[in-house]
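Down below is the structure, laid out as structure tokens.
Numbering (my numbering), first residue to last: 1110 to 1290.
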């Protein structure tokens, strides 16, 4: 073997290794984007469930009329919000839930009403799941962003045409009266 042939084989070997590495990185980025899509779908389902349960509770007659109106309007706005306004509408629903259930006495009144025990349990479960679903989504977004900011991903355009992932920022703090139990 001549020295030229050895150099050519070494260069080809290096190109194969670099190609495999870039392919692995592109696959990893694709899996992260799939994880973001799955986490976003789970977050949307969780937020929809919370808004639906809040709307059910608002129309059940268990709450006083003023609280029912506040809760119903916030839940309706959250369900009908366009994508650009979704974070704001969901934050307003969180604030309405905290306003309606500011004290444990209000939660107990709901539980004592006919059908209130089930409604309070469903709402408690729904509001507890929202922060977790949002955290899963934002963790996936954070991982994808970190990988997309690497120079090799930008230079070789490994992200393709996938949009830059955006975190879902909202006020997701549940009412303390609901989560104390």
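Virtual Cβ for every residue (Gly too), placed ideally from N, Cα, C.
Got a sec, what are the start and stop residues for the alpha helix (DSSP H) residue 1225 sits in? Position 116 of the chain shown holds residue 1225. 1225-1257 is the extent of the alpha helix (DSSP H) around residue 1225.
Run of the alpha helix (DSSP H) containing residue 1218, from where it starts to where it stops: To locate residue 1218, count along the chain shown from 1; it is residue 109. From DSSP, the alpha helix (DSSP H) with residue 1218 extends over 1213-1221.
For residue 1198, which residues from the same chain have a beta carbon less than 6 Å from its beta carbon, with the 5 sequence-adjacent residues on both sides left out? As a first step, residue 1198 must be located in the chain shown, where it is residue number 89. Correct list, in chain order: 1186, 1187 and 1190.
Return the residue from the list 1130, 1131, 1251 and 1222 that minimises the CA-CA distance to residue 1144. As a first step, residue 1144 must be located in the chain shown, where it is residue number 35. Considering only alpha carbons, the answer is 1251.
Within the same chain, show all residues whose beta-carbon is closer than 7 Å to that of residue 1179, passing over the 5 residues directly before and after it, in chain order. Residue numbering aside, residue 1179 sits at position 70 when the chain shown is read from its first letter. Apart from the 5 residues on each side of it in sequence, residue 1179 sits with its Cβ closer than 7 Å to the Cβ of 1205, 1208 and 1209 in its chain, given in chain order.
Could you compute how far the alpha carbon of residue 1123 sits from the alpha carbon of residue 1139? Translated into the one-based positions of the chain shown, residue 1123 becomes position 14. Translated into the one-based positions of the chain shown, residue 1139 becomes position 30. In this structure, the straight-line span from the alpha carbon of residue 1123 to that of residue 1139 is close to 24 Å.
Of the choices 1142, 1255 and 1200, whose alpha-carbon is the least far from that of residue 1269? For this step, residue 1269 is matched to residue 160 along the chain shown. It is 1142 whose Cα lies nearest to the Cα of residue 1269.
Write down the C-beta distance between residue 1165 and residue 1222 rounded to the nearest angstrom, noting that I regard them as a contact closer than 8 Å. Along the chain shown, one-based indexing puts residue 1165 at 56. Along the chain shown, one-based indexing puts residue 1222 at 113. 13 Å between Cβ atoms; not a contact.
Alpha carbon to alpha carbon, how far is residue 1212 from residue 1284? Working through the chain shown from its first residue, we reach residue 1212 at position 103. Working through the chain shown from its first residue, we reach residue 1284 at position 175. If you take the alpha carbons of residue 1212 and residue 1284, they lie about 9 Å apart.
Alpha-carbon to alpha-carbon, residue 1256 and residue 1281: Taking the first residue of the chain shown as 1, we reach residue 1281 at position 172. Taking the first residue of the chain shown as 1, we reach residue 1256 at position 147. Their Cα atoms are separated by approximately 27 Å.
On the DSSP letters alone, give me the boundaries of the alpha helix (DSSP H) that residue 1268 sits inside. Looking up residue 1268 in the chain shown gives position 159. For residue 1268, no alpha helix (DSSP H) run applies, since DSSP gives it neither H nor E.
Simplified DSSP state of residue 1203, which is helix, strand or coil: Translated into the one-based positions of the chain shown, residue 1203 becomes position 94. In the structure shown, residue 1203 sits in a helix (DSSP, three-state: H, G or I).
Cβ of residue 1242 within 8 Å of Cβ of residue 1152? Counted from its first residue, the chain shown places residue 1242 at position 133. Counted from its first residue, the chain shown places residue 1152 at position 43. In this structure, residue 1242 places its C-beta atom within 8 Å of the C-beta atom of residue 1152.
Limits of the unbroken alpha helix (DSSP H) element including residue 1285: By one-based count along the chain shown, residue 1285 stands at place 176. Here the alpha helix (DSSP H) through residue 1285 covers 1285-1288.
Here's a check: name, in chain order, each residue in its chain whose Cβ is nearer than 6 Å to the Cβ of residue 1259, leaving out the five neighbours to either side. For the purposes of this step, residue 1259 is taken as residue 150 along the chain shown, with counting starting at 1. Closer than 6 Å at the Cβ level, and outside the excluded window around residue 1259, lies no residue.
Assign residue 1155 to one of three DSSP states: helix, strand, or coil. Locating residue 1155 in the chain shown gives position 46, where the first residue counts as 1. Helix at residue 1155.
Check each candidate in 1263, 1264 and 1184 and name the one with the smallest Cα separation from residue 1235. Counting from 1 along the chain shown, the entry for residue 1235 is found at position 126. The option with the nearest alpha carbon to residue 1235 is 1184.
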